[in-house]
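*Asks:*
2 protein chains.
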Amino acid sequence: MKDIKQTWVFDSPVYIESCASVSGPMEKSGPVGRFLDKSFEDLYCGESTWEKAERALMKEAVSLCLSKESIQKEEVGLFIAGDLLNQNVTSHYTAREYPWPYLGMFSACATSMEGIAIASMCVHSGMVQRSLTAVSSHYGAVERQFRLPLEHVKQRPKTAMRTVTGAGAAVISGKKSPIAVRSVTIGKVVDWGLRDPLDMGQAMAPAAFDTLKKHLNDTGKTEEDYDLIITGDLSMFGSRQFLELCEEDGLYITDRYLDGGNTVYGYHPEGYAGGSGAGCSALVLYGYVFRRMRKEHWKKVLCIATGALFNPLTIRQKETIPCIAHAVEFELTAGLEE
Amino acid sequence: MKDIKQTWVFDSPVYIESCASVSGPMEKSGPVGRFLDKSFEDLYCGESTWEKAERALMKEAVSLCLSKESIQKEEVGLFIAGDLLNQNVTSHYTAREYPWPYLGMFSACATSMEGIAIASMCVHSGMVQRSLTAVSSHYGAVERQFRLPLEHVKQRPKTAMRTVTGAGAAVISGKKSPIAVRSVTIGKVVDWGLRDPLDMGQAMAPAAFDTLKKHLNDTGKTEEDYDLIITGDLSMFGSRQFLELCEEDGLYITDRYLDGGNTVYGYHPEGYAGGSGAGCSALVLYGYVFRRMRKEHWKKVLCIATGALFNPLTIRQKETIPCIAHAVEFELTAGLEE
Numbered sequence: 020m021k022d023i024k025q026t027w028v029f030d031s032p033v034y035i036e037s038c039a040s041v042s043g044p045m046e047k048s049g050p051v052g053r054f055l056d057k058s059f060e061d062l063y064c065g066e067s068t069w070e071k072a073e074r075a076l077m078k079e080a081v082s083l084c085l086s087k088e089s090i091q092k093e094e095v096g097l098f099i100a101g102d103l104l105n106q107n108v109t110s111h112y113t114a115r116e117y118p119w120p121y122l123g124m125f126s127a128c129a130t131s132m133e134g135i136a137i138a139s140m141c142v143h144s145g146m147v148q149r150s151l152t153a154v155s156s157h158y159g160a161v162e163r164q165f166r167l168p169l170e171h172v173k174q175r176p177k178t179a180m181r182t183v184t185g186a187g188a189a190v191i192s193g194k195k196s197p198i199a200v201r202s203v204t205i206g207k208v209v210d211w212g213l214r215d216p217l218d219m220g221q222a223m224a225p226a227a228f229d230t231l232k233k234h235l236n237d238t239g240k241t242e243e244d245y246d247l248i249i250t251g252d253l254s255m256f257g258s259r260q261f262l263e264l265c266e267e268d269g270l271y272i273t274d275r276y277l278d279g280g281n282t283v284y285g286y287h288p289e290g291y292a293g294g295s296g297a298g299c300s301a302l303v304l305y306g307y308v309f310r311r312m313r314k315e316h317w318k319k320v321l322c323i324a325t326g327a328l329f330n331p332l333t334i335r336q337k338e339t340i341p342c343i344a345h346a347v348e349f350e351l352t353a354g355l356e357e
Numbered sequence: 020m021k022d023i024k025q026t027w028v029f030d031s032p033v034y035i036e037s038c039a040s041v042s043g044p045m046e047k048s049g050p051v052g053r054f055l056d057k058s059f060e061d062l063y064c065g066e067s068t069w070e071k072a073e074r075a076l077m078k079e080a081v082s083l084c085l086s087k088e089s090i091q092k093e094e095v096g097l098f099i100a101g102d103l104l105n106q107n108v109t110s111h112y113t114a115r116e117y118p119w120p121y122l123g124m125f126s127a128c129a130t131s132m133e134g135i136a137i138a139s140m141c142v143h144s145g146m147v148q149r150s151l152t153a154v155s156s157h158y159g160a161v162e163r164q165f166r167l168p169l170e171h172v173k174q175r176p177k178t179a180m181r182t183v184t185g186a187g188a189a190v191i192s193g194k195k196s197p198i199a200v201r202s203v204t205i206g207k208v209v210d211w212g213l214r215d216p217l218d219m220g221q222a223m224a225p226a227a228f229d230t231l232k233k234h235l236n237d238t239g240k241t242e243e244d245y246d247l248i249i250t251g252d253l254s255m256f257g258s259r260q261f262l263e264l265c266e267e268d269g270l271y272i273t274d275r276y277l278d279g280g281n282t283v284y285g286y287h288p289e290g291y292a293g294g295s296g297a298g299c300s301a302l303v304l305y306g307y308v309f310r311r312m313r314k315e316h317w318k319k320v321l322c323i324a325t326g327a328l329f330n331p332l333t334i335r336q337k338e339t340i341p342c343i344a345h346a347v348e349f350e351l352t353a354g355l356e357e
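Sequences listed follow chains L and V, in order.
Number 342 in this note's numbering belongs to position 323 of the first sequence; there are no gaps in the numbering.
Number 210 in this note's numbering belongs to position 191 of the second sequence; there are no gaps in the numbering.
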């Protein structure tokens with residue numbers, strides 16, 4: 020079969036005009052904590068339910084993203100958002116607060132890069148001058164939906180990941196800024212037959228590998244072209260498997276590789292196998308990676324956000340877990356420092 | 020505040036190269052039944068669960084959409100899909116069957132037009148030659164997720180709508196065909212404070228009105244420019260409220276107005292207040308409306324798909340229902356008949 024191109028290269032520049040990251044308390048205490056724009060002191064974020072708390076995270080990220088670069092509400096032409104709650108309700112209830120045309124997205128934890136991809140496409144096409152994209156996840160809201168309420172204090176296997184409490188938002192536009200979006204690679208669904216929802220890292224690793232390979236193929240780049248290749252939330256077991264798949268294929272990226280799930284909590288005893296959730300890649304990318312890029316620590320970054328596309332019912336129906344990964348290529352535009 | 024543009028006008032032509040609609044048995048027996056491409060004889064569609072049945076509907080729609088115009092799998096550059104199940108699993112498990120880069124979407128029952136909008140944008144921008152978009156819904160799968168399993172045979176109020184069992188798929192490309200996509204208007208979230216999930220029509224009507232007004236404003240068109248204005252699934256009570264909102268505003272569209280939810284079941288006693296679900300607008304548009312357009316019955320059509328952006332938990336948490344409507348302007352390209 021003929022090869023299907025999965026990468027969109029933006030020949031005219033598309034920039035990250037602004038971004039913001041907002042987290043819960045545990046993310047604040049992790050290695051990326053000091054790079055975040057704001058962190059709430061407890062999981063409730065001043066609200067009465069986990070679900071409202073997640074909305075508070077997303078709303079705060081959106082609000083900071085605008086205020087940091089003095090962008091007015093009416094200068095935003097499109098809002099693109101997604102989260103992990105059933106029917107994406109965090110995003111919808113957040114969108115309700117704003118006067119923007121709104122598109123809901125879902126690629127599980129890969130939604131962060133799906134949002135950047137669509138937002139960039141809309142700006143690149145000239146249809147929209149400025150798009151804002153946001154994602155979020157919340158430990159309490161997600162646990163009770165996908166597994167059991169936190170109050171049950173259930174034990175977990177060592178492969179289980181911890182859902183990140185956090186939200187990220189980014190404004191994409193044609194206005195020159197230090198970080199440009201050069202290309203995006205839209206993933207296809209990859210399913211290697213795994214069915215353990217408490218080991219999503221290993222289920223998602225093949226999707227991340229597939230998208231990395233495809234990105235390099237489509238663009239003619241090699242791993243050497245990147246200073247950093249970062250996966251969204253493969254965590255301890257998934258990232259190891261991802262590296263194995265790369266090495267089996269002759270791709271040696273260990274010297275330039277990070278995983279958001281491993282980075283967000285470091286060695287915190289409550290961090291389980293690492294972080295996961297749509298908020299994970301957003302916190303690490305918008306908070307940590309972009310700040311380090313602006314300091315010229317990394318110039319070319321490929322972010323591969325990964326998502327497990329199941330729900331609790333498909334697991335009970337003995338289905339395997341389809342996974343996806345979307346990649347975005349970021350570049351520091353020359354000579355600009357903070 | 021400055022007016023935010025919500026409409027994308029495609030100056031270079033974007034066409035519906037192919038489309039297909041597949042339904043369950045009750046939709047077959049309704050007024051649009053004879054226009055559909057295929058209908059299954061029972062709700063299980065040859066599968067063992069409602070969820071698998073919904074996938075069978077979507078897969079069949081995708082497959083027919085390709086075969087009707089002899090489009091090869093490898094000629095499709097992007098798959099965009101959404102449905103109503105938690106975490107959009109119908110779409111993901113369908114996407115798993117194909118080698119396409121895939122974007123998951125969610126605007127509840129408005130996902131059909133969100134898919135057309137993004138697919139058209141990607142083709143118009145030149146990034147993708149041919150995108151395929153699909154949506155689905157299934158009475159059994161949706162009822163047990165949003166309300167109660169069918170086996171409970173619960174009574175409903177007269178405002179309750181019936182989820183359509185059906186799927187639609189469309190291929191969008193630059194290849195000249197009888198029906199062109201001229202513009203899309205992306206809705207914003209509208210919430211008038213209603214909170215009854217068994218009366219979604221009246222909750223969604225203000226969103227449909229908002230998007231219609233915005234579309235006319237953005238494009239400088241009037242209602243007279245359309246031969247048909249069709250809403251997705253407002254059904255009996257919602258469409259009446261929509262017409263009232265229009266008339267209060269001086270927009271008299273009754274002579275050129277249809278609602279998908281009213282059309283799909285006609286006066287079937289089991290059709291409740293009318294059809295709803297992401298499959299509703301897809302069956303009526305791809306099956307019925309596009310066929311009538313090709314016969315030159317209508318030349319200019321505005322389809323406004325409506326969605327209620329809640330989930331059962333937000334209802335239990337006493338939230339109101341945010342709604343959205345996305346509109347797409349279709350035009351019969353001159354002189355082409357079937």
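Built from N, CA and C at the ideal position, the CB exists for glycine as well.
All of these numbers come straight from a predicted model, not from anything done at the bench.
Using CA coordinates, which residue listed in V:G123, V:I205, V:S37 is at the minimum distance from V:Q25?
*Replies:* Nearest C-alpha to V:Q25: V:I205.
*Asks:* Counting only Cβ pairs nearer than 7 Å, list the residues of chain L close to V:R115.
*Replies:* In chain order: V208, D210, P341.
*Asks:* From the beta carbon of L:F349, is the nearest beta carbon of chain V less than 8 Å away?
*Replies:* Answer no: the Cβ-Cβ gap between L:F349 and chain V never drops below 8 Å.
*Asks:* Assign L:K173 to buried or exposed, taking buried as 16 or more other Cβ atoms, counted over all protein chains shown, within 10 Å of its Cβ.
*Replies:* Looking at its Cβ environment, which holds fewer than 16 other Cβ atoms inside 10 Å, L:K173 is exposed.
*Asks:* Flag V:W119 as yes if its beta-carbon sits less than 8 Å from any beta-carbon of chain L, otherwise no.
*Replies:* So yes, V:W119 belongs to the interface.
*Asks:* Report all residues from its chain with a CB closer than 8 Å to the CB of V:L213; omit the five preceding and five following residues, and keep chain order.
*Replies:* Hits under 8 Å: Q221, A222, T339, I340.
*Asks:* If I measure Cβ to Cβ from L:L304 and keep anything under 6 Å in the same chain, skipping five residues before and after, which residues do I get?
*Replies:* For L:L304, where only same-chain residues beyond five positions count, the Cβ hits under 6 Å are C322.
*Asks:* Cutting at 7 Å between CB atoms, please list the residues of its own chain near V:V347, excluding the five before and the five after it.
*Replies:* Only M132, I135, A136, V200, V203, C322 meet the Cβ criterion.
*Asks:* So within the stretch 68-155 of chain L, which uninterrupted beta strand (DSSP E) runs reach at least 3 residues, ignoring any that extend past its ends?
*Replies:* With a minimum length of 3 residues, the continuous beta strand (DSSP E) runs that stay inside the stretch 68-155 of chain L are 97-102, 121-123.
*Asks:* Which residues does DSSP list as the beta-bridge partners of V:F349?
*Replies:* Looking at the DSSP assignment, V:F349 forms a beta bridge with V:V200, V:V320.
*Asks:* To the nearest angstrom, how far is it from the Cα of V:F309 to the Cα of L:V209?
*Replies:* Cα to Cα, V:F309 sits roughly 34 Å from L:V209.
*Asks:* Using 8 Å for Cβ pairs, my map puts L:V283 next to L:G49. What's the rounded Cβ distance?
*Replies:* Between L:G49 and L:V283 the Cβ distance is about 5 Å, and since that is below 8 Å, they are a contact.
*Asks:* Please identify the residue among L:A227, L:G326, L:S37 whose C-alpha is closest to the C-alpha of L:T130.
*Replies:* With distances taken between Cα atoms, L:T130 lies closest to L:G326.
*Asks:* If we cut at 8 Å on Cβ distances, does V:A127 have a partner in chain L?
*Replies:* At least one chain L Cβ lies under 8 Å of V:A127.
*Asks:* What residues from chain V crowd round L:I137, counting only those whose CB sits closer than 8 Å?
*Replies:* Near L:I137 (Cβ distances below 8 Å), the residues of chain V are L122, I137.
*Asks:* In chain order, what residues of the stretch 77-96 of chain V put their CB closer than 9 Å to some CB of chain L?
*Replies:* Listed in sequence order: Q91, K92, E93, E94, V95, G96.
*Asks:* Taking the alpha-carbon of L:D229 as reference, which of L:P331, L:W211, L:A301 has the nearest alpha-carbon?
*Replies:* When each option's Cα is compared against that of L:D229, the closest is L:W211.
*Asks:* If we ignore side chains and look at the alpha-carbon of each, how far apart do V:A189 and V:T152 end up?
*Replies:* Approximately 5 Å between the Cα atoms of the pair.
*Asks:* When you compare the CB of V:Q106 with every CB in chain L, is at least one pair closer than 8 Å?
*Replies:* Yes, because at least one Cβ of chain L sits closer than 8 Å to the Cβ of V:Q106.
*Asks:* Could you tell me the alpha carbon to alpha carbon distance between V:E116 and V:C38, rounded to whole angstroms?
*Replies:* Near 19 Å, if we compare the C-alpha coordinates of V:C38 and V:E116.
*Asks:* Flag this pair as touching only if the stretch 259-266 of chain V and the stretch 180-195 of chain V have three or more C-beta atom pairs under 8 Å; answer yes or no.
*Replies:* No, the stretch 259-266 of chain V is not in contact with the stretch 180-195 of chain V.
*Asks:* Note down, in chain order, every chain L residue with its Cβ under 8 Å from the Cβ of V:N330.
*Replies:* Those are L104, N105, Q106, V108, listed as they occur along chain L.
*Asks:* Which residues in chain V sit within 7 Å of L:H143, going by Cβ to Cβ distance?
*Replies:* Those are S144, listed as they occur along chain V.
*Asks:* For V:W27 and chain L, any beta-carbon pair shorter than 8 Å?
*Replies:* Yes, contact with chain L.
*Asks:* So with Cβ pairs under 8 Å, would you call V:I248 a contact of chain L?
*Replies:* Judged by the 8 Å Cβ criterion, V:I248 is not in contact with chain L.
*Asks:* According to the Cβ coordinates, are L:D61 and L:S40 closer than 8 Å?
*Replies:* No, the Cβ-Cβ distance between L:D61 and L:S40 is not below 8 Å.
*Asks:* Candidates V:F329, V:P197, V:L247: which alpha carbon is nearest V:Y34's?
*Replies:* The residue with the shortest Cα to Cα distance from V:Y34 is V:P197.
*Asks:* Report the three-state DSSP secondary structure of V:T178 (helix, strand or coil).
*Replies:* DSSP places V:T178 in coil when its eight states are reduced to three.
*Asks:* When you compare the CB of L:I334 with every CB in chain V, is at least one pair closer than 8 Å?
*Replies:* No, its Cβ sits nowhere closer than 8 Å to a Cβ of chain V.
*Asks:* Flag this pair as yes or no: are the beta carbons of L:K319 and L:Y245 separated by less than 8 Å?
*Replies:* Cβ atoms of L:K319 and L:Y245: closer than 8 Å.
*Asks:* Candidates V:G239, V:L235, V:A224, V:L231: which alpha carbon is nearest V:F256's?
*Replies:* Selected option, being the one with the closest Cα: V:A224.
*Asks:* Run through chain V and tell me which residues come within less than 7 Å of L:H111, C-beta to C-beta.
*Replies:* Neighbours of L:H111 on chain V, chain order: V208, L328, P341.
*Asks:* DSSP state of L:P44, grouped into three classes?
*Replies:* The answer is helix: DSSP assigns L:P44 an H, G or I state.
*Asks:* When the Cα atoms are used, what is the spatial distance from L:E36 to L:S86?
*Replies:* Near 12 Å, if we compare the C-alpha coordinates of L:S86 and L:E36.
*Asks:* Could you check whether the stretch 65-79 of chain V touches the stretch 156-163 of chain V, counting it as contact only if at least three pairs of C-beta atoms, one from each stretch, sit closer than 8 Å?
*Replies:* Touching, yes.
*Asks:* Can you look up V:A292 in the DSSP assignment and give me helix, strand or coil?
*Replies:* In the structure shown, V:A292 sits in coil (DSSP, three-state: anything other than H, G, I, E or B).
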